[in-house]
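Residues in the sequence shown are numbered from 66 upward in steps of one, following my numbering.
Right, one structure below, let's go through it.
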Amino acid sequence: MVARLPSRTAGTCNAKEKAVNRRTLALLIVALYLSGAAVLSLRHPLPANESLLTLTSASYKLDKLYRSMQGPSSVQHDIPICNQQSAISNSFVWLTGLDTEIVDAARQTPVSQEFFCHSNLTFSEHGTTPEQYNARFAGKTHLDWRIFSLVPGRRSIDLPPDFGIPVPSDASVDYFTMSLNLNPRKDAVDVRMRTHLHTVAANDPAAPSKALFRRAVYVLQHENESDAAAMGPKCTMKATDHVGAGCGEWKKITSSDGSTMVMPVEGMTNHWNVTPGHHIYRSDITPQLNLPFNTTIHYATIHVHPFARGMELHDLTTGKTVLSLGSQDWTDRTGVAHVDEFKSAEGVPISRGHRYELTVDYDNTSGANTDAMAILYLYLLEKEI
66 MVARLPSRTA GTCNAKEKAV NRRTLALLIV ALYLSGAAVL SLRHPLPANE SLLTLTSASY
126 KLDKLYRSMQ GPSSVQHDIP ICNQQSAISN SFVWLTGLDT EIVDAARQTP VSQEFFCHSN
186 LTFSEHGTTP EQYNARFAGK THLDWRIFSL VPGRRSIDLP PDFGIPVPSD ASVDYFTMSL
246 NLNPRKDAVD VRMRTHLHTV AANDPAAPSK ALFRRAVYVL QHENESDAAA MGPKCTMKAT
306 DHVGAGCGEW KKITSSDGST MVMPVEGMTN HWNVTPGHHI YRSDITPQLN LPFNTTIHYA
366 TIHVHPFARG MELHDLTTGK TVLSLGSQDW TDRTGVAHVD EFKSAEGVPI SRGHRYELTV
426 DYDNTSGANT DAMAILYLYL LEKEI
């Protein structure tokens, strides 16, 4: 049974902004028509019921090689999801996805996505906690600090129609971004990241009705001090880091027997070295999933490094493969060009009482050691407990 969220109230999120955007777009179309313009191309047509919140990173100068977790970064703090009037008139809004462009820092024109390390949208680290937000939804949601993560090869997430993440309309978010540069170049490049967060007001007739929650699970390997020194910073969080700083996150979970543990467990890392050749790495990720109930997967994507060929989620209880998602590198440079996504209104069942294994396939053809990660991002259906 789908969790019933608080009833919708009057008002729309960013209604004034939407009206201004429609008027501006109409005037632009007329102007282009009168000037003889033949084509008006919109990269991301916006559904009538959606609003956009635009987030822009600091400028990053890429004047040398920056591997994973070594590039310049920044965070924008305490960004309201809705304006004050909308926050008062709406109890909550739906987050339905986001998309990011890498742009020239000065001209704001698109450049190669190869400079993208990751961006994390989180709740404001010094604001209301996810636990407090969950309490406002009567405990029927399982919000975590992180809401969305975008990674190389996956610069957009668009949840299936009628699905979304319910968030209180007075919530604020932080926007953490990091750049990288894996390929030598003659001249420095100055870039920014520009992200659009897609929202729908709770009272909109076309608003989603099915709530999702997020899980991030990792292939883990034993830590190796010499590997860590060669790779530089790990892709994990320290207690002093911002909640969105790493592409990996440490968190405390409570198992079914009532005991608590920190994931990833001590002595394990989610950022390791891969020697030349073909390797398959695997981890039992049942404790990481920490499912509160039987549910269904409706959206999934992955985060991997160059030379990865794909990831799979296996149900060890049934012996079946639940998900298989591929990865493709650039053909003319180092870097991940594309990672697959899974999107389904029907969903794929996943059971609290089953054991699950995550595998990643790396084929390191570089002739030298390379760094690796493997994260599966899942968006799962909320249900009443």
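For each residue, glycine too, the CB sits at the ideal point set by N, CA and C.
How is phenylalanine 358 classed by DSSP in three states: helix, strand or coil?
It is coil, neither helix nor strand.
Using only the alpha-carbon positions, how far apart do valine 158 and arginine 420 sit?
Distance between the alpha carbons of valine 158 and arginine 420: 34 Å.
Give every residue of the same chain whose Cβ lies closer than 8 Å to the Cβ of arginine 374, excluding the five residues on either side of it in the sequence, and list them in chain order.
Around arginine 374: Gly391, Ser392, Asp426, Tyr427 and Asp428.
Selection from Gln173, Ala236, Tyr364 and Met258 that minimises the alpha carbon distance to leucine 224:
For the options Gln173, Ala236, Tyr364 and Met258, the alpha carbon positioned closest to that of leucine 224 is the one of Tyr364.
Quick check for students: name the residue ranges of the alpha helix (DSSP H) that lie wholly in the segment 121-155, counting only runs of 4 or more.
Those alpha helix (DSSP H) runs which fall completely within the segment 121-155 and span 4+ residues are 149-154.
Mind checking which residues open and close the alpha helix (DSSP H) that includes alanine 373?
Note, alanine 373: premise wrong, no alpha helix (DSSP H); beta strand (DSSP E) at 373-380.
Straight-line gap, proline 273 to glycine 432 (C-alpha atoms, nearest Å)
Taken atom to atom, the span from the alpha-carbon of proline 273 to that of glycine 432 is near 49 Å.
Assuming arginine 259 contacts valine 140 under a Cβ cut-off of 8 Å, what Cβ separation, rounded to an integer in Å, is found between them?
Under the criterion of beta carbons closer than 8 Å, arginine 259 and valine 140 do not qualify as touching, at roughly 15 Å.
Just grab the DSSP bridge partners of tyrosine 346 for me.
BP columns for tyrosine 346 point to Val425.
Can the beta-carbon of aspartate 252 be found closer than 8 Å to that of lysine 126?
No, Cβ-Cβ distance for aspartate 252 and lysine 126 is not below 8 Å.
Does the distance from the CB of threonine 351 to the CB of leucine 285 come in under 8 Å?
No, Cβ-Cβ distance for threonine 351 and leucine 285 is not below 8 Å.
Is tyrosine 442 helix, strand or coil by DSSP?
If DSSP states are grouped into helix, strand and coil, tyrosine 442 belongs with the strands.
Can you give the Cα-Cα distance for aspartate 143 and glycine 309, rounded to whole angstroms?
A direct Cα-Cα distance of roughly 13 Å separates aspartate 143 from glycine 309.
Would a C-beta distance cut-off of 8 Å place glycine 400 and threonine 361 closer than the cut-off?
Not closer than 8 Å, so no.
Judging by CA-CA distance, which residue of Glu196, Leu120, Arg220 and Glu179 is the nearest neighbour of glutamate 406?
Measuring from the Cα of glutamate 406, the nearest candidate turns out to be Arg220.
Member of Ser409, Leu120, Arg201 and Ala402 whose CA lies at the smallest distance from the CA of arginine 257:
Taking only the C-alpha atoms, the option nearest arginine 257 is Leu120.
Among the candidates Asp239, Tyr283, Leu118 and Asp227, whose CA atom is the shortest distance from the CA of proline 270?
When only C-alpha atoms are compared, the closest one is Asp227.
Expressed to the nearest angstrom, what Euclidean distance is found between the alpha-carbon atoms of alanine 171 and alanine 123?
A straight-line Cα-Cα distance of about 11 Å links alanine 171 and alanine 123.
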